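Inspection log for the structure reproduced underneath, given as structure tokens.
Number of protein chains: 2
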Amino acid sequence: MSTVRKAVSLLELFTLEEPEIGLSDLSRKAGLDKATARRLLMALAEHRLVEQEPVSRRYRLGAGLTRLARIRDAQLPLLPVAIPILRELSQQTGETVHISEYSAGALLTIHVELSPKANRVNVNVGQILPLHGTASGLALLAFVREEIRRDCLRTPLAAFTPHTMTDAKQVLQAVWLAAERGYSRSGQGYEEGVHSVAAPILGSDGYPIGTVAIASPVSRADDSVAAVQGALVIEATRRITKQLIGEPVEPAERALG
Amino acid sequence: MSTVRKAVSLLELFTLEEPEIGLSDLSRKAGLDKATARRLLMALAEHRLVEQEPVSRRYRLGAGLTRLARIRDAQLPLLPVAIPILRELSQQTGETVHISEYSAGALLTIHVELSPKANRVNVNVGQILPLHGTASGLALLAFVREEIRRDCLRTPLAAFTPHTMTDAKQVLQAVWLAAERGYSRSGQGYEEGVHSVAAPILGSDGYPIGTVAIASPVSRADDSVAAVQGALVIEATRRITKQLIGEPVEPAERALG
DNA sequence: AACGGCGGTTCAAATAATGAACCGATAACG
DNA sequence: CGTTATCGGTTCATTATTTGAACCGCCGTT
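Structural data, given as structure tokens:
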């Protein structure tokens, strides 16, 4: 494993639940020697990607990350634009709504608006979603470049639940349906008991840069609910796309059977 | 130079002005071989710290940074709390206001509210401020732990303008004055023609975690203006501190002559 | 006082990083 | 329309960096 990968994997040990970690703990969790972990941390600290709490001597993520993230967000300010729209969508539907960003062949969940209901779907920020097993993934596949879709479906498809579609043909059917309707649907393909509906956010080139999904307990989902949610999620993503680009964007391509 | 440092220095080449850079360009700017730069970028991309624009093949900062920054900000949510207060402060004074975070022995500027006036001070997000040459630095030094202050003033002090105080005794005088008044003042210590007034934001332990500064053209600054700005910047930092911690915080220590 | 865990350091051995030369593709030029 | 330059990307023998077991001093517990 390259040194850089090890260093970054150290960064990824910090979570919302555990934002400060000591050296020994950190090295154990990363599977690295203490000396190695320390050298990597020092290098990261030099650029403020981590910092050390002076009294406890524990490490935490550094201010440099805030800075870099702001540079990125200035270029592609997804969250500030999307969050109010997601909140509204969550209120309209009473369900958990999450937004994911497409990056390096996968979807990364970057924000969640939780349903106020006691029986709700919980989604974590930072979660990586498989393209073939989630509504978000299907919505993305329905509008990406043909080549990316092919690459994704060529590799063997992992099963996350007994309901996961692992046959490429089957997935393609769902993708075609999503391309036609404008929204995708997935029942328990990634997590048991979770039903989702999703639509893509388009970039200025007409290809998806991410997705928005509404996740409900299966007990509250049926065809008519899905149709309503589908229409709402399409509207939400259109609004986000429009605000992001400054004008409505048409999909550059649609998966067609 | 360690591999990690090289990798991070690649990240730091991306700026608001140039958020997308090609491989050759990137390797030249970093002073690295093209092959080396590429390997580093691949490692970073694997963790989504950078991503590659599929068509132009140029690189840009990745979504993983947004995610990590959100974890950090959840722990220390300076900006969301501070920005509205900074904006107000900028409107009250008509001057440029900036906030910096203390990390690893230096101040990093994390947000700027620019003055609406034509003749204004421009400050860039991401800029690192020297502790002895800026009002922000002096405000910090006035309230940090004795040991940090000593360490800072022991090393030779760089001169950024003919006005920079490079004598530790002289700097200490300014620090003492700042500790007494609650705000610091610096005239052209870092940039010609810039006058600044600053105060510290305190963490729950009573030590500064950052500073807020009001930067004016020297032509608009005199003793009475500075006194007014000083009172305003103290009030702003107190409000930020209070919102951050949940209650007012008294300084743990003051530099005293 | 003995113990165990912490953060941090050392240095010979082992492994990973390096970069000059190369490839094919694309854009610019006379 | 060939020539040239630059792009992103790759290769592999050479080289320099990373590695980790053992060590330190420190602190709180037993």
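Protein chains in written order, with our numbering: chain A, 1 to 257; chain B, 258 to 514. Positions of the beta carbon are idealized from the N, C-alpha and C atoms, including for glycine. Remember, it's a predicted structure, so these values are computed and weren't measured experimentally.
Original post:
Looking at the C-beta of Thr418/B, does it have a partner C-beta in chain A at a distance below 8 Å?
Top reply: no
**OP:** Determine, using beta carbons only, whether Glu345/B comes closer than 8 Å to chain A.
**Re:** no
Subject >> Selection from Ser136/A, Trp176/A and His132/A that minimises the alpha carbon distance to Asp167/A >> reply: His132/A
**OP:** Note the first and the last residue of the continuous alpha helix (DSSP H) segment covering Val50/A.
**Re:** Taken as a continuous stretch (DSSP letters only), Val50/A belongs to no alpha helix (DSSP H), being part of the beta strand (DSSP E) at Val50 to Gln52.
Subject >> Nearest candidate by alpha-carbon position, reference Ala236/A, set Asn122/A, Gly203/A, Leu89/A and Gly94/A >> reply: Leu89/A
**OP:** Check each residue of the segment 58–78 of chain A: if its Cβ is closer than 9 Å to any Cβ of chain B, include it; give the result in chain order.
**Re:** Arg60, Leu61, Gly62, Ala63, Gly64, Leu65, Thr66, Arg67, Leu68, Ala69, Arg70, Ile71, Arg72, Asp73, Ala74, Gln75, Leu76 and Leu78
Subject >> Neighbour list for Ser259/B in chain A, Cβ cutoff strictly below 8 Å >> reply: Thr3, Arg39 and Ala43
Original post:
Taking 8 Å as the CB-CB limit, is Val233/A close to chain B?
Top reply: no
Original post:
Given a threshold of 16 other Cβ atoms within 10 Å of its Cβ, counted over all protein chains shown, does Val121/A qualify as buried or as exposed?
Top reply: buried
Original post:
Within 8 Å (strictly less), CB to CB, does Leu276/B reach chain A?
Top reply: Before going further, note that residue 276/B is Pro rather than Leu in the sequence given. Yes, Pro276/B lies at the interface with chain A (some Cβ there is under 8 Å from its Cβ).
**OP:** Run the CB neighbour count on Gly467/B, radius 10 Å, all protein chains shown included, and call it buried at 16 or more, exposed below.
**Re:** buried
**OP:** Measuring only between beta-carbons, confirm whether Ile110/A sits less than 8 Å from chain B.
**Re:** yes
**OP:** Flag this pair as yes or no: are the beta carbons of Arg87/A and Phe14/A separated by less than 8 Å?
**Re:** no
**OP:** Output yes or no for whether 8 Å exceeds the beta carbon distance between Ala215/A and Val194/A.
**Re:** yes
Subject >> Under 9 Å by beta carbon: chain A residues contacting Thr272/B >> reply: Ile71
**OP:** Rounded to whole angstroms, what's the CA-CA distance from Arg315/B to Ala436/B? Just pull it up for me.
**Re:** 49 Å
**OP:** List the residues of chain B that Leu11/A touches, going by C-beta distances under 7 Å, in chain order.
**Re:** Leu325
Original post:
Which whole-angstrom value describes the C-beta separation of Ala302/B and Glu308/B, a residue pair presumed to lie in contact below a C-beta threshold of 8 Å?
Top reply: 6 Å
Original post:
Along chain B, in chain order, which residues have C-beta atoms closer than 9 Å to that of Gly94/A?
Top reply: Within 9 Å Cβ-Cβ: nothing; Gly94/A doesn't reach chain B, min ~25 Å.
Subject >> Beta-carbon proximity check, Leu141/A vs Val175/A, cutoff 8 Å >> reply: yes
Subject >> Below-8 Å beta-carbon distance, Ser103/A vs any chain B residue >> reply: yes
**OP:** Would you list the residues sitting across from Val194/A in a DSSP beta bridge?
**Re:** Pro217/A
Original post:
Which of the three DSSP states, helix, strand or coil, is assigned to Thr323/B?
Top reply: helix
**OP:** Note the first and the last residue of the continuous alpha helix (DSSP H) segment covering Val4/A.
**Re:** Thr3 to Leu11
Subject >> Local Cβ density within 10 Å of Leu16/A, reported as buried at 16 or more and exposed below that >> reply: exposed
Original post:
Mind checking if Ala139/A is an interface residue toward chain B, Cβ cutoff 8 Å exclusive?
Top reply: no
**OP:** Mind checking which residues open and close the alpha helix (DSSP H) that includes Ser186/A?
**Re:** Careful: Ser186/A lies outside any alpha helix (DSSP H), inside the beta strand (DSSP E) at Ser184 to Gly187.
**OP:** Find the residues of chain B that neighbour Gly126/A, judging by a C-beta separation of less than 7 Å, and give them in chain order.
**Re:** Arg324
Subject >> Candidates Gly31/A, Leu68/A and Leu79/A, of which the one nearest Ala7/A by Cα >> reply: Gly31/A
Original post:
Using a C-beta cutoff of 8 Å, does Arg406/B count as contacting chain A?
Top reply: no
Subject >> Asp151/A to Asp330/B span [Cα, whole Å] >> reply: 36 Å
Subject >> Selection from Ala198/A, Arg48/A, Ala255/A and Gly206/A that minimises the alpha carbon distance to Thr109/A >> reply: Ala198/A
**OP:** Could you tell me which of Glu113/A, Leu232/A and Ala221/A sits nearest to Leu79/A, measuring between CA atoms?
**Re:** Glu113/A
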